[in-house]
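Protein chains in written order, with this note's numbering: chain L, 176 to 649; chain Y, 35 to 295.
Taking it in order: structure first as structure tokens, then the write-up.
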């Protein structure tokens, strides 16, 4: 896949998703599933609110001392025999990973699910340089077959139906019996397992992301439900962890605190099926594990968010609760957002990483309903930060001229109460006259963007303030 | 905020909101009636807009100018009451953050914020109103507007009071807490997405079987009424205050007709 953004064509992307109609249909059951399961998991844990607060404090503390904890983490990884590479941007991170692969003489690379490798466009880079990356998470495997980007950060193929996946498997897995039954979810899973099993065994390098990096011990942690991550990082000779700098937490204890809100918020599970901790390469007494252990730590714009109004975004643990509950995401799916991170968290993060000039639509395409913030386990004030992006756009004159003039026109009157009262009285009266005896306008000059989709109620005719004045004078 | 002394005559400033002022003054009168019935002296200071459209468009300076205008006009009253969770939330939650860095104004913004309330929650939570004198025949469903629900915690209060309206049968729609797709300028800037969201909302309203849709924010009501009307639906749409004040005799939002007795 490519990491080239199309966020600037958000409106077209969204319109296309709506026209296709398939995306909202495929999302409908899933979103209800995520939402209901989360509620059940949260209700079953009386201390959930307290845990949210504690998880937030842990991350806030870490971000205040990020340099310190990163140094500590690096030192601990080295002590356990691993290597740490710092990458300023995507290009640097890609080059580091490719270099490790080349030194290992790698031809096949297995991959656990990792949003950071999506962010840096790693697969395309490896392919272009003769290394074959194989996604081993079922959802990622499916979208890799299709040459697509993930449409959701924990359920990358959520936009697809079972039938579409069956068609893809039949198209690509040509060595298998054409008469086999692929109508059930379990048969699709078995088929993917069969195909992936041999890849696990031939891979020279395994690449994973990380949900946490523990400074105290130099450990990287992944949480998965399929076990593919474990095979990816244990079987090949070399294990490469690619993670962004804000994944670091101080201690094991902190990790277990945050783990208690992560799966509950994401899938409604108490814990993910696998929580796997890796510290360094295989030791002399270990029965398995890689001979080499590398960590590539990516910045890619994150350190520039520290100390700004967007710092809170770095608390994000990628649970996807925000998009699971977002009315906009529900209608358009993840691809419309035009880059790696969709939904509310993407609407805040994407402008930070690729520039608000390219991603300006994202923080604007929100009703500010606030449901994302209300379910965020890390209590990230997502609407507030989207508003901050709108402020930056306004300051830099990046929002559309018609919106600026409209706002300026309205503000001119709103700042002068007497003029406002006069003009609103005229407006209400003339709209009433224009509406004659109708209850609603089906079309209204200057309000086409509204009446294209819905009627507009004809005003009662007099303003409240004028009527109130008359009542008071009686 | 503590409840006022029993028997004290409270001077309450009614901030009608610009949409009520221009489109549907009857909501303002319904709000005034409810407040007066509860023993308040209601006044309507000269007003324009709380500044929310500018705030959500990123124009902080205009927002501050309008907020200051509001503070000056409304700070002299015991309470400020707003028949809207979104405009109420703007004053109660966002004014303090607007002036957080301005020592001269932050105190005044905080003070105004602490005495500003959305209408229905003011009646129940501050004035302790337990029931209303009203009757309304037929089934109603209530949509939880986002700002009222999530910024101000308004959920049980309107349902509690609606439960005391004679003849009213309250039925819950599916996903009453899900946004209607209005979102201020969002509805016009991202029309196709807004249309999808409100269409789903209207399908849930229809499926509830209710004859009347109620909510506490005119913006959301205009959006849902506009869509229901476009769909040819018979459902009547009203602000919750109209029913609570026993003043649901104007034609419903977006419907033609004359006032009934």
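No residue lacks a Cβ here, since even glycine has one placed at the ideal position from N, Cα and C.
Listed along chain L is no residue with a C-beta nearer than 7 Å to that of residue 274/Y; the closest approach is about 17 Å. Chain order gives no chain Y residues near residue 482/L, where near means a beta carbon separation below 7 Å; the closest approach is about 16 Å. When 257/Y, 233/Y and 252/Y are compared, the shortest CA-CA separation from residue 506/L is found for 233/Y. Annotated as proximal: residue 158/Y and residue 195/Y, with beta-carbon spacing under 8 Å. For residue 430/L, no CB of chain Y lies under 8 Å from its own CB, so it is not counted at the interface with that chain. Sixteen is the threshold: when 16 or more other Cβ atoms of the shown chains lie within 10 Å of the Cβ of residue 229/Y, as they do, the residue is buried. The C-beta separation of residue 582/L from residue 87/Y comes to about 7 Å, placing the pair in contact by the 8 Å criterion.
For residue 169/Y, there is no enclosing alpha helix (DSSP H); the residue is part of the beta strand (DSSP E) that begins and ends at 169-176. The beta carbon of residue 100/Y lies closer than 8 Å to those of 82, 83, 84, 85 and 88 in the same chain, with the five residues before and after it left out.
Closest in C-alpha terms to residue 127/Y, from the list 98/Y, 287/Y and 143/Y, comes 143/Y. Residue 54/Y belongs to the set of residues whose beta carbon lies under 8 Å from a beta carbon in chain L. Using a 10 angstroms sphere on the CB of residue 146/Y, the tally of other CB atoms reaches 16 or more, which defines it as buried.
Interface residue (Cβ-Cβ distance to chain Y less than 8 Å): residue 590/L is classified as such.
Here DSSP, grouped into helix, strand and coil, assigns residue 387/L to strand. Not a single CB atom of chain Y sits nearer than 8 Å to the CB of residue 215/L.
Taking 8 Å as the CB threshold, residue 90/Y lines the interface with chain L. In this chain, the beta strand (DSSP E) harbouring residue 200/Y covers 200-204.
Cβ contact annotation for residue 638/L (same chain, cutoff 6 Å, sequence separation greater than five): 599, 600 and 603, in chain order. Contact between residue 284/Y and residue 60/Y holds, with the beta-carbon distance rounding to 5 Å and staying under 8 Å. Residue environment for residue 263/Y: buried (at least 16 other C-beta atoms within 10 angstroms of its C-beta).
Within the segment 276-291 of chain Y, 284, 285, 286, 287, 288, 289, 290 and 291 place their CB atoms closer than 9 Å to a CB of chain L, listed in sequence order. In the structure shown, the three-state DSSP call for residue 121/Y is helix.
For residue 381/L, the three-state secondary structure derived from DSSP is strand. Residues of chain Y whose Cβ lies closer than 8 Å to the Cβ of residue 549/L are, in chain order, 184.
Annotation: residue 183/L is outside any beta strand (DSSP E) and is labelled neither H nor E by DSSP. Leaving aside the five residues that flank residue 67/Y on each side, the residues in its chain whose CB is nearer than 7 Å to its CB run, in chain order, 279 and 281.
Residue pairing by DSSP places residue 418/L opposite 472/L in a beta bridge. When CB distances to chain L are screened at a threshold of 8 Å, the residues of the segment 203-231 of chain Y falling below it are 211, 212, 213, 215, 216, 217, 218, 219, 220, 221, 222, 223, 224, 225, 226, 227, 228, 229, 230 and 231, in chain order. Chain L has no Cβ within less than 8 Å of the Cβ of residue 101/Y. Residue pairing of residue 369/L in beta bridges, as defined by DSSP: absent, with no partner found.
Using a Cβ distance threshold of 8 Å, residue 43/Y and residue 78/Y do not count as a contacting pair. Residue 262/L is positioned such that its CB atom lies no closer than 8 Å to that of residue 380/L. With respect to the 8 Å criterion, residue 510/L and residue 298/L are not classified as neighbours on the basis of their beta carbons.
According to DSSP, residue pairing for residue 397/L in a beta bridge involves 451/L. Membership of residue 151/Y in the beta strand (DSSP E) is indicated by the continuous run 150-152. The segment 220-228 of chain Y makes contact with the segment 622-631 of chain L, as at least three CB pairs between them are under 8 Å.
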